[in-house]
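To get the UniProt record's numbering, take the position in the sequence shown, counting from 1, and add 60. Where is the CB? At the ideal position from N, CA and C, for every residue including glycine. All remarks here apply to the structure that follows.
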Amino acid sequence: AWKKFATQPFSNVEDFERDVVRHVETTLARSIFNCDETAAYAAASLAFRDRLITEWNRTQQRQTIVDGKRVYYLSLEFLMGRALDNAMLNVGLKGVAKEGLSDLGFRIEDVIEQEHDAALGNGGLGRLAACFLDSLASLNYPAWGYGLRYRYGIFKQEIIDGYQVEVPDYWLDFNPWEFPRHDIVVDIQFHGTTKKYQDENGKQVTVWEGGEIVRAVAYDVPIPGFDTPSTNNLRLWSSKAASGEFDFQKFNSGDYESSVADQQRAETISAVLYPNDNLDRGKELRLKQQYFWVAASLYDIVRRFKKTKRAWNQFSDQVAIQLNDTHPTLAIVELQRILVDLEGLEWDEAWAIVSKTFGYTNHTVLPEALEKWSVPLFQSLLPRHLQIIYEINLYFLQSVERKFPNDRELLARISVIEESQPKMIRMAYLAIVGSHKVNGVAELHSDLIRSTIFKDFVKIFGPDKFTNVTNGITPRRWLHQANPRLSELIASKTGGLGYLKDLTVLGEIEKYADDKEFKKEWQEIKYANKVRLAKHIKATTGVTVNPSALFDIQVKRIHEYKRQQMNIFGVIHRYLTIKSMTPEERKAVAPRVSVFGGKAAPGYWMAKTIIHLINSVGKVINSDPEIGDLLKVIFLEDYNVSKAEIIIPASDVSEHISTAGTEASGTSNMKFVLNGGLIIGTCDGANIEITREIGENNIFLFGNLAEDVEDLRHAHNYGEHTLDPDLARVFEAIKDGMFGDAGAFGALTGAIEDHGDYYLVSDDFHSYVQTQALVDEAYRNQDEWLTKCITSVARMGFFSSDRCINEYAESIWNIEPLDTST
Ligand code: 26W
61 AWKKFATQPF
71 SNVEDFERDV
81 VRHVETTLAR
91 SIFNCDETAA
101 YAAASLAFRD
111 RLITEWNRTQ
121 QRQTIVDGKR
131 VYYLSLEFLM
141 GRALDNAMLN
151 VGLKGVAKEG
161 LSDLGFRIED
171 VIEQEHDAAL
181 GNGGLGRLAA
191 CFLDSLASLN
201 YPAWGYGLRY
211 RYGIFKQEII
221 DGYQVEVPDY
231 WLDFNPWEFP
241 RHDIVVDIQF
251 HGTTKKYQDE
261 NGKQVTVWEG
271 GEIVRAVAYD
281 VPIPGFDTPS
291 TNNLRLWSSK
301 AASGEFDFQK
311 FNSGDYESSV
321 ADQQRAETIS
331 AVLYPNDNLD
341 RGKELRLKQQ
351 YFWVAASLYD
361 IVRRFKKTKR
371 AWNQFSDQVA
381 IQLNDTHPTL
391 AIVELQRILV
401 DLEGLEWDEA
411 WAIVSKTFGY
421 TNHTVLPEAL
431 EKWSVPLFQS
441 LLPRHLQIIY
451 EINLYFLQSV
461 ERKFPNDREL
471 LARISVIEES
481 QPKMIRMAYL
491 AIVGSHKVNG
501 VAELHSDLIR
511 STIFKDFVKI
521 FGPDKFTNVT
531 NGITPRRWLH
541 QANPRLSELI
551 ASKTGGLGYL
561 KDLTVLGEIE
571 KYADDKEFKK
581 EWQEIKYANK
591 VRLAKHIKAT
601 TGVTVNPSAL
611 FDIQVKRIHE
621 YKRQQMNIFG
631 VIHRYLTIKS
641 MTPEERKAVA
651 PRVSVFGGKA
661 APGYWMAKTI
671 IHLINSVGKV
681 INSDPEIGDL
691 LKVIFLEDYN
701 VSKAEIIIPA
711 SDVSEHISTA
721 GTEASGTSNM
731 KFVLNGGLII
741 GTCDGANIEI
751 TREIGENNIF
761 LFGNLAEDVE
771 DLRHAHNYGE
781 HTLDPDLARV
791 FEAIKDGMFG
801 DAGAFGALTG
811 AIEDHGDYYL
821 VSDDFHSYVQ
831 TQALVDEAYR
841 NQDEWLTKCI
851 TSVARMGFFS
861 SDRCINEYAE
871 SIWNIEPLDT
881 ST
């Protein structure tokens with residue numbers, strides 16, 4: 061009977077419409093006569109969700125039957141964006157949905173627009189995790205993501221009078237993409253005390269008792285692969301009070317308020333995503349989040365392993381765990397605790413298992429972003445874990461001492477415990493000691509971590525433990541979904557959508573790089589994408605921009621190292637130059653639209669000042685009648701994944717201009733090039749490999765090299781710093797009040813003039829301005845420009861996250877894809 065009644069997922073227009081109407085009438089309890097776009101979005105999503113869940117179940121069954129190794133991707137951030145459009149495209153039924161929705165009286169674009177972004181991440185690291193999930197499912201790997209179900213994702217950014225204002229992002233009002241699993245709960249312990257005693261066999265055992273308990277509840281999000289039935293799982297944990305709704309004792313004794321307070325305290329753990337990107341603040345609640353999520357995930361993973369009734373020494377043959385930066389490093393300690401304290405393994409036996417299970421990915425070299433936790437905080441919150449960390453460190457230091465006797469300085473440098481006041485735990489060092497592989501995210505970055513921050517560890521563990529896996533992006537979302545017309549054009553020349561599963565097939569379009577007809581279509585598509593963005597700009601800022609102008613875009617988190625300040629100084633320079641021209645000279649100027657977007661961490665004052673300057677400059681330039689279309693400056697509010705899907709396909713040029721050696725990889729650089737935009741960039745992160753792939757003639761590189769940065773900084777600190785003359789002119793204009801209250805921007809100019817110019821803005825400014833002039837010149841020759849764009853796209857195959865995931869699978873996880881034909 062089960063088989064007979066099993067759910068049949070729709071695959072044609074009529075069945076889709078029937079499912080939509082059923083969901084409107086029953087699930088949503090609405091009349092079809094009062095079905096607005098929101099309800100249509102909800103019902104269409106539920107129809108697709110039904111499909112996904114059927115495949116999700118099959119995928120899980122397949123994994124259980126095969127009973128092979130699985131990979132678990134632990135990330136505090138998953139920047140998923142919208143799910144409906146992606147689900148429709150990945151299961152190949154967007155056409156069906158479009159027709160069905162149109163039959164029911166809706167435009168599919170309007171329905172898609174109803175969805176709230178799932179914005180559970182800050183920037184690069186979180187979006188990378190989302191691209192990885194897409195690739196893992198598309199390649200049929202048995203993989204799970206584990207994260208936190210934040211009630212509030214990254215804040216929404218509003219720009220008021222040119223300033224950033226943060227507004228909470230409550231996104232869970234209606235979320236059809238998650239399944240609450242009220243039966244999958246884990247109780248997580250905090251605080252308490254530890255006791256050592258001898259058991260009946262005379263063995264030393266430690267117990268951790270008392271303290272407070274918070275309950276983790278699983279919420280599952282299905283992750284559909286592209287053109288495959290595989291549908292993987294992202295499991296997000298939500299916190300709630302362990303003792304049900306209330307503490308009934310307190311409730312009955314009349315202490316109603318405090319019983320509610322207990323509940324709220326528990327729910328606080330998964331309430332909000334920390335909005336700092338590349339900055340460690342050491343807040344207790346953040347450590348609680350980390351342990352809560354890690355402990356629940358490991359409990360789940362271990363439970364699944366135990367069901368197979370295997371011996372513990374087979375654990376790492378069944379389980380690979382990847383740590384997305386140091387945020388989940390406690391997983392190493394927690395697994396050791398489970399094996400030793402709860403399962404009774406010997407320390408060495410347990411440690412052998414632990415250190416074969418984990419891989420650690422580093423995403424940043426910025427010292428202020430390297431996580432450290434204070435020992436006293438650990439002592440109070442996780443007393444048993446602190447003991448285990450000390451023990452791990454002791455054995456580690458002893459082994460180093462044996463290998464390099466009498467090098468006390470080495471021991472102090474590499475100790476997991478920093479001997480400061482208070483003592484601090486260096487999470488990156490703990491992650492290295494407890495993992496079998498450590499990787500950076502682009503070649504330069506991996507070289508840098510090996511030669512600088514982790515140098516001693518390379519000496520200790522040998523070079524093979526440290527490797528590179530250059531980041532990638534999913535071409536499904538970042539080309540097919542964001543730029544459907546370009547995808548269609550490519551498909552028409554490469555024999556269909558197969559290129560989306562093997563991005564190196566893009567190489568086949570290089571033969572059209574000089575094809576007149578092809579170039580014309582290409583240009584039309586770019587123009588249409590620019591018109592789409594121009595409409596968005598008009599609707600959100602009121603400013604009219606000319607789609608024929610060169611669109612120059614920099615969208616990413618606002619950070620001094622990413623140097624949006626250099627970009628806006630360059631814009632001011634351009635403005636001053638135009639202003640000083642005769643009307644005749646102005647006729648030769650290439651019109652440009654400078655677009656900025658990105659959030660500043662709420663406490664990052666300098667970044668907020670950069671936003672304020674961009675908006676102040678825009679206000680003056682955009683209303684200067686002498687300038688007209690020659691220059692426009694736009695700050696797009698609330699940059700997020702769904703806005704990126706409109707912005708990225710519309711660029712002619714985008715900016716990736718970090719101080720050399722500071723941007724680990726960057727991934728938007730890849731997205732822009734894949735969409736037929738050229739880039740201006742420094743020799744940093746993945747820009748270098750993009751250059752290697754697409755050719756030096758197709759990229760605008762400038763600025764000092766990473767190897768020279770240290771010397772330059774040193775020179776600055778010894779007073780050898782003369783301001784670039786063009787930059788000096790820009791600063792004068794700012795100080796004259798050309799863009800309003802000069803005092804407001806003093807910190808920005810001061811950082812460069814008076815405080816050592818740590819990010820080398822002045823050193824690179826001349827080269828930057830010159831290279832921008834080359835961009836103008838190159839853009840004038842549209843024919844050659846188009847050849848560059850097409851050639852570049854053709855050579856971008858390497859940057860698919862599929863390539864990247866296959867590298868992880870082979871060199872770090874040792875896992876195989878599942879056969880989906882059965
Ligand atoms: C503890 C505070 C904190 C929070 C977030 C420290 C560090 C982070 C992230 C690791 C910052 C981040 O997103 N890094 C970015 O990771 C991308 C994916 O690998 C890279 O492409 C970016 O270059 C890198 O900045």
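Neighbourhood of Phe306 by C-beta distance below 6 Å, restricted to the same chain and skipping five residues each side: Bear in mind that a pLDDT of 48 at Phe306, under 50, signals an unreliable position, so the number given afterwards is only what the model happens to contain. So the qualifying residues of the chain are Ser319.
From the DSSP output, in three-state form, read off Phe306 for me. Because the pLDDT of Phe306 is 48, which lies under 50, any placement of that residue in the model is unreliable, and the number read from its coordinates should be weighed accordingly. Phe306: coil per DSSP, three-state reduction.
At 4 residues or longer, and completely inside the region 566–622: list those alpha helix (DSSP H) runs for me, N to C. Positions of the alpha helix (DSSP H) runs, each at least 4 residues long and wholly inside the region 566–622, are given as 576–601 in order along the chain.
Using 6 Å as the cut-off, classify the Cβ of His423 as near or not near the heavy atoms of the ligand 26W, replying yes or no. At least one heavy atom of the ligand 26W lies closer than 6 Å to the C-beta of His423.
Excluding the 5 residues preceding and the 5 following Asp360 in the sequence, name in chain order all residues of the same chain whose CB lies nearer than 8 Å to its CB. Counting only Cβ-Cβ distances below 8 Å, and skipping sequence neighbours, we find Tyr206, Ile244, Val246, Ala278, Arg295.
What does the Cβ neighbour count give for Tyr351, buried or exposed, with the cut at 16 atoms within 10 Å? Label assigned to Tyr351: buried.
Should the region 431–450 be regarded as contacting the region 259–277, the criterion being three or more beta carbon pairs within less than 8 Å? Touching, yes, given that three or more Cβ pairs across the two stretches are closer than 8 Å.
Whole-angstrom Cβ separation of Leu504 and Asp744, contact assumed at under 8 Å? Right, their Cβ atoms sit about 7 Å apart.
Is Phe286 closer than 7 Å to Asn146 when the C-beta atoms are compared? Not in contact: Asn146 and Phe286 (Cβ atoms no closer than 7 Å).
Could you work out which residue in Leu185, Cys95, Pro202 is closest to Asp879 when comparing CA atoms only? Per the C-alpha coordinates, the member of Leu185, Cys95, Pro202 positioned closest to Asp879 is Pro202.
Using 7 Å as the limit for Cβ to Cβ distance, is Asn117 near chain D? In the structure shown, chain D does not exist; there is a single protein chain.
Which runs of the beta strand (DSSP E) fall wholly inside the region 495–549 and span at least 3 residues, in chain order? As far as the region 495–549 is concerned, its whole beta strand (DSSP E) runs of at least 3 residues are 497–500, 526–528.
Suppose the cutoff is 8 Å on Cβ atoms and the five residues either side in sequence are ignored; what does the same chain contact list for Met148 look like? Around Met148, the same chain offers Phe108, Lys154, Ala157 as residues with beta carbons nearer than 8 Å, after the five sequence neighbours per side are excluded.
Shorter than 6 Å, the distance from the beta carbon of Leu437 to the closest heavy atom of the ligand 26W, or not? Leu437: no, Cβ never under 6 Å from the ligand 26W.
Residues bridged to Val131 [DSSP beta-bridge criterion]: According to DSSP, Val131 bridges with Ala203, Ala380.
For Phe695 and Ile674, believed in contact at Cβ under 8 Å, the rounded distance: Yes, they are in contact, since the Cβ atoms of Ile674 and Phe695 sit about 5 Å apart, within 8 Å.
Is any non-hydrogen atom of the ligand 26W found closer than 6 Å to the C-beta of Leu185, if you look at the structure I gave you? Flag set: Cβ of Leu185 near the ligand 26W.
Using the C-alpha atoms, what's the distance from Phe239 back to Val80? The alpha-carbon atoms of Val80 and Phe239 are separated by roughly 19 Å.
Determine the closest residue to Ile706 out of Ile632, Val615, Ile748, with distance taken between C-alpha atoms. Its Cα nearest to that of Ile706, the residue Val615 stands out among Ile632, Val615, Ile748.
Just to confirm, is the Cβ distance from Ser236 to Ser105 under 7 Å? Per the sequence shown, the amino acid found at residue 236 is Pro instead of Ser. Yes, the pair counts as a contact, with Cβ atoms nearer than the cut-off.
Assigned exposure category for Val84 - 16 Cβ within 10 Å defines buried: Answer is buried; the Cβ neighbour count reaches 16.
Alpha-carbon to alpha-carbon, Leu405 and Tyr223: For Tyr223 and Leu405, the gap between their C-alpha atoms comes out near 57 Å.
Roughly how many angstroms lie between the CA atoms of Gly755 and Phe656, to the nearest whole one? Gly755 and Phe656: Cα-Cα distance of roughly 27 Å.
Hey, could you find the ends of the alpha helix (DSSP H) Trp665 is sitting in? Unbroken alpha helix (DSSP H) run through Trp665: 665–682.
When you compare only the Cα positions, how much space is there between Arg623 and Gly494? Distance from the CA atom of Arg623 to the CA atom of Gly494, rounded to whole angstroms, is 35 Å.
Using a threshold of 7 Å, state whether the C-beta atoms of Gln217 and Glu620 are closer than that. Taking the C-beta atoms as reference points, Glu620 is found no nearer than 7 Å to Gln217.
What did DSSP end up calling Phe65 once you bin it into helix, strand or coil? Phe65 falls in the helix class under three-state DSSP.
Is Leu339 helix, strand or coil by DSSP? In the structure shown, Leu339 sits in coil (DSSP, three-state: anything other than H, G, I, E or B).
Would you mind stating whether Tyr133 and Gln382 have Cβ atoms separated by less than 7 Å? In contact: Tyr133 and Gln382 (Cβ atoms closer than 7 Å).
For Gly556, count neighbouring C-beta atoms within 10 Å of its own C-beta (all shown protein chains included) and say buried if the count is 16 or more, exposed if not. Classification for Gly556: exposed.
Is the beta carbon of Asn384 closer than 7 Å to that of Ser135? A Cβ-Cβ contact shorter than 7 Å links Ser135 with Asn384.
DSSP three-state label for Asn747, please. Under the three-state reduction of DSSP output, Asn747 falls in the helix class.
Need the endpoints of the beta strand (DSSP E) that Thr637 sits in, please. Taken as a continuous stretch (DSSP letters only), Thr637 belongs to no beta strand (DSSP E), being part of the alpha helix (DSSP H) at 624–639.
Of the choices Ala854, Lys703, Ile168, whose alpha-carbon is the least far from that of Asp96? Closest by alpha carbon: Ile168.
Would you check if there are 3 or more beta carbon pairs closer than 8 Å linking the region 523–540 to the region 795–804? Because the criterion of three Cβ pairs below 8 Å is not met, the region 523–540 and the region 795–804 do not touch.
Three-state secondary structure (DSSP) of Tyr819: In the structure shown, Tyr819 sits in coil (DSSP, three-state: anything other than H, G, I, E or B).
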